[in-house]
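Read the structure below first, then the notes.
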Amino acid sequence: MKKKLPWILISPTLAMITIFFIAAVIITIPLAFTNMGLSFKWTFNGIQNFESFMRDPLIPTVIINTFIFVALTLTLFNFGMALLLSLLTTSINDKWGNFFRTIWMLPRITPSVVFGLLWLWIFDPGSDGLLNILLRFIGIGQQDIFHHAPMVLIVLANGYVGASMGMMIFSSAIKSIPIEYYRAASVDGAGWFYTTRRITLPLIKWHLLFITTYETLSLFTSYEYIYIITNGGPVNMTNVWALYTYQTAFSNFSFGYAAALSLVLVAVGIVTGFIYLKGINIQTNTKNIEL
Amino acid sequence: MAKTGELNFFNKHSKGIFNFFAYMILIIVTIPIIIAYLWLIMRSFSTDMNGFIPVGLTLANWSFLWKSNSNIGLPNIWIITLNTLLLAIGVAAINLFLASISGFAFSRFNFKGNKSLLLLLLLLHAFPTIALMVSIFYILNAIHLLNTLWGVILLTSSMDLPWDIWIIKGFYDSIPAELEWAGVVDGYSRIAVWWKVLIPNIKHGLFVIGIFEFLAGWSQFIFVTTFIFNNSYWTLSQYVYTALGDYRFANYGLLTAISVWYIIPVALLFAVAGKYLTQMSLGGVKG
Amino acid sequence: MSTIKLEKVTKSFGKVLAMNDINMIVNNGEFMVLLGPSGCGKTTTLLTLAGIYKPTSGNIYFDEQIVNNLPSKYRKIGMVFQNYALYPHMTIFENIAFPLRAMKIPNKDIDKKVRAIAFNLGIDTLLDRKPSQISGGQQQRVAIARALIKEPSILLFDEPLSNLDANLRVSTRAEIKRLQSTLKITTVYVTHDQSEAMVLGDKIAIFNNGYIVQLGTPNEVYNHPQNIFVAGFLGNPPMNLIYEIEIYSDNGQLYITKDKKNLLKIKVPNNLQEIKRDKVVFGFRPEDCKISAEEESGITGEVYVIEKLGRENLVTVKISDTFVKLFSDKTNIKENQIVTLSIDLSKIHLFDQQTGESIL
């Protein structure tokens, strides 16, 4: 009985994980070779799904969109803004630094639909939208970003949520750098830019690497905010891989084809998992930035 | 290096100038967030807005709360809110319980597979759910949980459970084993010791998990949208989403009112514990 | 080189007053030691000189110019930190070169200067290594090299020896003294170790609770402490202090007594005539006291413990209810033996028990 106790304790957890993760991953593979629909029938169709994939006219668009989306959001926000925020908020008065970082946590804890509403309002093509209010105020006329440059909209929306993770990780890393380094640099005549370049950034380089890789993969599988705000439109201008997979499954009910598309996501998922493991390892092992 | 007498304005006030630009930049990038949330609240109480100025104050936008089956074509708000509460509390309760016992097992018992399972948990935490949506649809149907709140509850629980276990395990790890031995020597069973000694000492971790899981359930959208079809099982996320589709350009007043109603728990959390959010999200091992 | 003047400088952090009306002058080429227990304000003073803290009030002058608001990098100072603060990801060469690179000096010159100073400090073979690969003593020399490389007018040290082990501390201490006297740079040095202060300083400023309690040459502060705090802080073992002493006059002579019952009679030189206080504190240093031959008169006490230190013995003697320490090379003393102490009367100190101020 004693030997079995831990197993009993973790059995419900194991059950849930098996059902919703392990089984799910495993089923995806055979599913990709069927053309299952809402009838839930296992009708195997060989490699037809992969042939459809080759001939699907939307795939090139989706791939390009995904690439653009990930590249822009990563460089401008999930990495760029995160780094900017962490560098600036740790260089000013601590109280105000915390204030700004706390505000940036708001998007993260807001329900996605409400956050989507806010961005839809900001870019409302009519006269009520924040952007248009500002543009009218400074004399430029109204714009319709939503219909003409929707990628801007989703990059911004995902970016304002996504930046907070990098911001937290970088800030925490920067704060753990002993202050004596900065005092020495200050006495030695280094300005802010020089100090940041030669002391701060090198000392957090593993965190920078981790966020870059993790966020890239994470963005590749993002779709929730895009679904709420544009649903991939207009006319697939913002349709990305993860969203397309979702639509294939739950708008078209082509589960087989969707499963095939999911396989890429599963592969990405596994890689993300390993990167995450390595990242946590590095974080716990570089705790001591030796003096 | 400039001689002391030759310093220019820029040099002498370099710290002040830096601060000026730093604050400027921070304000510019952060202000959209502040404006957006302020608008959300103000608009919900306004009949209309001219730019940023409310034209008139009203509670009419909030009428969905007291007009049952109102003419907005959406189901009763109170049932939906109840569903959302159920989802939130359900997820929180399940995860609190399972994380407590699983964390205990991982922390205190040296069973085969302990380490590997922990690594697996970490891996799962980073795994994107979208990859599994199709399969999960099939599975939920197979176990008759499709189109049920319980299905969504269990699913949401499972997605966050790996991380919760890691955090609680961390809390257990920080309690020295001597405390338990003292309890056992004093005559308590292992379970009694767990309940009387360990649980009170990991209160902080449980509290953090409880709050975050409640929020996770409360905010859950994609699972509700995908796996629930019957609108009497909807949660507030679906309610807002539908309103968004129907009323997007027509009625910001209603939309914002519904949204404000929806984010009340979030606002409460932010007001009370906003300062600690960063620490809590980073993994709560520091409490 | 520079002169430093602190004029009525205070520094507070919120409600905490770390520096309280500090006045100090450091002359050109002088070695000034800031000495005191932890939390006394000496490090705050140093950091204020460095420009890392700004004074709340008062003025700081370098060479007659007010530098209160001058950023650190323009103050021409070199600083050695307690934990050395060597950048862990850079080589020793790069660490030393850092200040020069910040000044955008051309690479060729940097190379020459770094190698020259490394050679002078005996670390030229370590230039390619990283800080974690060299010993504590070597790290310290790298820190000094980095501080010196920009040829500063003022050198600041923040407890640089406290991370070294005992024998390394003594040898490095000597090297620092020699370095400073060769280069003749105005130096301010913070430490809590009174023997370091005595050895290194041309002048010592003793801090307590944010105030400078006494400032003077090592000789002055050691032999003429102005109050009990200074008296008890300098010297190892510290000065013996006996409380509840009264001055009593008899036959034109003054005596020092404790508890009229247990008379502790010693003659006191007559220039003490004018002084009549309630209670005083009587102080004498262990090295100014001897166990006398049995016939002489003096204070009697009972030997409590004898600690053999090799070259001499440290004897603790119980006098009524106080313990005093003294050195003795007599080998025939035993525990619990009653002995007589003879004290060098030219070296005794009297302090007002209430204020702590020195009377004699």
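Protein chains in written order, with numbering that gives the first Met the number 0: chain A, 0 to 290; chain B, 0 to 286; chain C, 0 to 359. Just so it is clear, CB atoms sit at the ideal spot from N, CA and C, and this is done for glycine as well. Computed from a predicted model, the values in this text were never measured in an experiment.
Contact belief for residue i with residue j at Cβ below 8 Å, rounded distance in angstroms
i              : j              : result
L99 (chain C)  : I109 (chain C) : 5 Å
I26 (chain A)  : S134 (chain B) : 4 Å
V69 (chain A)  : T215 (chain A) : 6 Å
E301 (chain C) : I337 (chain C) : 6 Å
V265 (chain B) : T12 (chain A)  : Between T12 (chain A) and V265 (chain B) the Cβ distance is about 28 Å, and since that is not below 8 Å, they are no contact.
R100 (chain A) : T277 (chain B) : 6 Å
L64 (chain B)  : I79 (chain B)  : Wrong, their Cβ atoms sit about 11 Å apart, outside the cutoff.
For residue i, three-class secondary structure by DSSP
i              : result
I104 (chain C) : coil
Q306 (chain A) : The structure shown does not extend to residue 306 (chain A), since chain A is modelled only from 0 to 290, so the question has no answer here.
Q138 (chain C) : helix
V189 (chain C) : strand
F322 (chain C) : strand
P264 (chain B) : helix
N49 (chain B)  : strand
V234 (chain A) : coil
L233 (chain C) : coil
A258 (chain A) : helix
H143 (chain B) : coil
G77 (chain C)  : strand
S175 (chain A) : coil
T55 (chain C)  : coil
H88 (chain C)  : coil
F136 (chain B) : helix
L33 (chain C)  : strand
CA-to-CA distance, residue j to residue i, given in whole angstroms
i              : j              : result
D192 (chain C) : N67 (chain C)  : 29 Å
N97 (chain A)  : I91 (chain A)  : 10 Å
E289 (chain A) : Q132 (chain C) : In this predicted model, E289 (chain A) has a pLDDT of only 36, less than 50, meaning its place in the structure is not dependable; the value taken from the coordinates is given anyway. Each residue's alpha carbon lies about 11 Å from the other.
Y193 (chain A) : A101 (chain C) : 7 Å
L4 (chain A)   : V192 (chain B) : 15 Å
I257 (chain B) : F76 (chain A)  : 29 Å
N287 (chain A) : F169 (chain A) : Here the model assigns N287 (chain A) a pLDDT of 41, short of 50, so the residue's position is not dependable, and the following value carries that caveat. Each residue's Cα considered, the two are about 16 Å apart.
K14 (chain B)  : P177 (chain A) : 20 Å
S43 (chain B)  : S253 (chain A) : 40 Å
K317 (chain C) : Y181 (chain A) : 53 Å
L153 (chain B) : S231 (chain B) : 19 Å
S152 (chain C) : G77 (chain C)  : 8 Å
I63 (chain A)  : I100 (chain B) : 46 Å
L281 (chain B) : F213 (chain B) : 18 Å
D62 (chain C)  : G28 (chain C)  : 12 Å
I88 (chain B)  : G158 (chain A) : 30 Å
I298 (chain C) : N19 (chain C)  : 42 Å
F20 (chain A)  : L131 (chain B) : 8 Å
H203 (chain B) : H146 (chain A) : 48 Å
A31 (chain A)  : G125 (chain A) : 44 Å
Per DSSP, the bridge partner or partners of residue i
i              : result
Y60 (chain C)  : C:K4 and C:I65
H206 (chain A) : Answer by DSSP bridge pairing: none, since H206 (chain A) is not bridged.
Q213 (chain C) : C:I205
C288 (chain C) : C:I342
I62 (chain A)  : DSSP lists no partner for I62 (chain A).
K307 (chain C) : C:N312
K10 (chain C)  : C:M18
T33 (chain A)  : A:F43
Open item on the list: Residues of the segment 84–97 of chain C in Cβ contact with chain A at a cutoff of 7 Å, in chain order, please.
Closed with: A84, Y86, P87, H88 and F97
Open item on the list: Which residues of the segment 185–196 of chain A have a Cβ closer than 9 Å to any Cβ of chain C? Give them in chain order.
Closed with: S185, V186, D187, G188, A189, G190, Y193 and T194
- [ ] Could you please tell me which residues of the segment 94–122 of chain C, in chain order, have their CB closer than 7 Å to any CB of chain A?
- [x] F97, P98, A101 and M102
Task: Residues of the segment 144–169 of chain B with Cβ closer than 8 Å to any Cβ of chain A, in chain order - done: L153, L154, S156, S157, M158, L160, P161 and I164
Open item on the list: Counting only Cβ-Cβ distances shorter than 9 Å, please list the residues of the segment 99–113 of chain A near chain B, keeping chain order.
Closed with: F99, R100, T101, I102, W103, M104, L105, P106, R107, I108, T109, P110, S111, V112 and V113
Open item on the list: For the segment 53–82 of chain A, list every residue whose C-beta sits within 8 Å of some C-beta in chain B, in sequence order.
Closed with: M80
Open item on the list: Can you pull out the residues from the segment 127–153 of chain A whose beta carbon lies closer than 7 Å to at least one beta carbon of chain B?
Closed with: D127, L129 and I132
- [ ] Pull out every residue of the segment 233–244 of chain B whose Cβ sits closer than 7 Å to any Cβ of chain A, in chain order.
- [x] S236, V239, Y240 and L243
Open item on the list: Please identify, using Cβ separations under 7 Å, the residues of the segment 102–118 of chain B that lie next to chain A, in order along the chain.
Closed with: F103, A104, F108, F110 and L118
Task: Members of the segment 60–79 of chain C near chain A, C-beta cut-off 7 Å - done: S71, K72, I76 and M78
Open item on the list: What are the residues in the segment 204–217 of chain A lying within 7 Å of chain C by C-beta distance?
Closed with: none
TODO: For the segment 24–56 of chain C, enumerate the residues whose C-beta is nearer than 7 Å to any C-beta of chain A, in chain order.
DONE: A49 and I51
Task: Members of the segment 264–282 of chain A that neighbour chain B once the beta carbon cut-off is set at 8 Å - done: L264, V265, V267, G268, I269, T271, G272, F273, I274, Y275, L276 and I279
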